[in-house]
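Numbering (this note's numbering), first residue to last: -19 to 212.
Below you can see the structure in the form of structure tokens.
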């Protein structure tokens, strides 16, 4: 449990929370550890939200399936301590818009939504800290969603690719000639930006031939950031 607490303390949710406060929160909220095998679902689209989740080990993928059965990848989380499904904890009648699947053997820490729904009525010292941290988290989520809207609203496939690569560059504090993980395999990236794998691969290879980027399996290097920015 001490190892889990060390991971939780690195989460934005528990920023400025003392070790004793963290122990009190875990006990009071009735939080628990959930283990998932690869390809096992944590929850399904249209399930009732019950928890906020923090990744302890492994990786999960957020997916949505439309009425025609087409899959769209919304996000992937593989960084220990990252939080997800937090938007739903304050909605009493909202079902999940997507599913969550483990893409390798995974452990997540689940904090019941009732803890967050009732936190305003608590007098504990961590009340204000958790509330402020949640505001920060939800603000960052809004920024991320805005960035994804910009990617999906781009007119051409090349603009979508350029927007995504520049976003990954910013997230990794990267510059020209620094190798950065694409986060997704090609087929998954195609689902993420709303295209087909052949079209994506063809356009990215063309951008490589033009000296804009360099590709190496699931990583990329920006060779000419000015040209990449000019695309969008």
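Note that the Cβ used here is the ideal one computed from N, Cα and C, for glycine as well.
Q. Roughly how many angstroms separate the alpha carbons of residue 40 and residue 51, rounded to a whole number?
A. 15 Å
Q) Is it buried or exposed for residue 135, if we count other Cβ within 10 angstroms and need 16 for buried? A) exposed
Q) With contact counted as at least three CB pairs below 8 Å, one residue from each stretch, are the segment 16 to 36 and the segment 75 to 91 in contact? A) yes
Q: Express the C-alpha separation of residue -8 and residue 116 in angstroms, rounding to a whole number.
A: 8 Å
Q. How big is the Cα-Cα spacing for residue -6 and residue 187?
A. 42 Å
Q.
Could you check whether residue 95 and residue 181 sit closer than 8 Å to each other, using their CB atoms as the reference points?
A. no
Q) Taking residue 194 as the reference, which of 174, 160 and 171 has the closest Cα? A) 160
Q. Does the beta-carbon of residue 66 have 16 or more other beta-carbons within 10 angstroms, so that it is buried, or is it exposed?
A. buried
**Q.** Exposed unless 16 or more other CB atoms sit within 10 angstroms - verdict on residue 49
**A.** exposed
Q: Would you decide whether residue 197 is buried or exposed? Buried here means 16 or more other CB atoms lie within 10 Å of its CB.
A: exposed
**Q.** Expected contact under 8 Å - CB spacing of residue -10 and residue 2 to nearest Å
**A.** Contact doesn't hold; Cβ gap of about 11 Å is too wide.
**Q.** Among 202, -16 and 148, the one whose alpha carbon lies nearest that of residue 88
**A.** -16
Q | Residue range of the unbroken beta strand (DSSP E) whose run includes residue 23 | A | 21 to 23
Q. Around the C-beta of residue 140, are 16 or more other C-beta atoms found within 10 angstroms, so that it is buried, or is it exposed?
A. buried
Q: Could you please give the first and the last residue of the uninterrupted alpha helix (DSSP H) stretch that includes residue -6?
A: Residue -6 -> no alpha helix (DSSP H), and no H or E assigned at all.
Q) How many Å lie between residue 200 and residue 107 at the Cα? A) 43 Å
Q: Report yes if the C-beta distance between residue 90 and residue 42 is below 8 Å; otherwise report no.
A: no
**Q.** Runs of beta strand (DSSP E) wholly within the segment 136 to 187 (minimum 3 residues, chain order)
**A.** 159 to 161
(Q) In the DSSP output, what is residue 41 paired with across the bridge? (A) 56 and 81
**Q.** Span separating the alpha-carbon of residue 207 from that of residue 63
**A.** 34 Å
Q: From the DSSP output, read off the bridge partner residues of residue 14.
A: 88
Q. In angstroms, rounded to a whole number, what distance separates the CA positions of residue 167 and residue 211?
A. 23 Å
**Q.** Straight-line gap, residue 34 to residue 86 (C-alpha atoms, nearest Å)
**A.** 11 Å
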